[in-house]
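Q: In the working numbering, the protein residues as written are 5 to 112.
Provided herewith is a single structure, encoded as structure tokens, for subsequent inquiry.
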């Protein structure tokens, strides 16, 4: 299965439009403190998500992100396998978002 993706430009548009969506961070807790989207609705590391699962509301689109897009790709595919249909990987992760829209955020 090809992983459904959303670009950082599309995410920025959703943010500016104040569109209702869930933003899920699958990085490790120590990464949250470095930089994060203020709009993040859920923080659950990829390993924990795969081990324990996580109930997310299904009435909104779900965007999953990590540092570069790799962990969030696995999380997106996992959520699809669990029955979630409206879930998208943030292509390029938070690093790509920083490069295009938030150059003052910390890069790590």
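For every residue, glycine included, the Cβ atom is placed at its ideal position computed from N, Cα and C.
Which residue marks the beginning of the alpha helix (DSSP H) containing residue 60, and which one marks its end?
A: Per DSSP, residue 60 belongs to no alpha helix (DSSP H) and is neither H nor E.
Q: Which class does residue 64 belong to by DSSP, given the choice of helix, strand or coil?
A: coil
Q: As a quick exercise: from 98, 61, 45, 111, pick the residue whose alpha carbon is nearest that of residue 76.
A: 98
Q: Considering only their Cβ atoms, is the gap separating residue 96 from residue 73 smaller than 8 Å?
A: yes
Q: Can you name, in chain order, every residue of its own chain whose Cβ lies under 6 Å from the Cβ of residue 104, other than the five neighbours on each side?
A: 12
Q: Return the CA-CA distance between residue 33 and residue 89, expressed in angstroms with no decimal places.
A: 27 Å
Q: For the beta strand (DSSP E) that contains residue 12, what are its first and last residues?
A: In the DSSP annotation of this structure, residue 12 is not part of any beta strand (DSSP E); the continuous alpha helix (DSSP H) holding it starts and ends at 12-20.
Q: If we count Cβ pairs, one from each stretch, closer than 8 Å, do we get three or more for the region 63-71 versus the region 21-30?
A: Short answer: they touch.
Q: Output yes or no for whether 8 Å exceeds the beta carbon distance between residue 3 and residue 94.
A: Absent from the structure is residue 3, since the part of the chain shown begins at 5 and ends at 112.
Q: Ends of the alpha helix (DSSP H) at residue 3?
A: Outside the displayed span of the chain (5 to 112) sits residue 3, for which this structure offers no information.
Q: By the DSSP assignment, the beta strand (DSSP E) with residue 25 in it spans what residues?
A: Note, residue 25: beta strand (DSSP E), 25-29.
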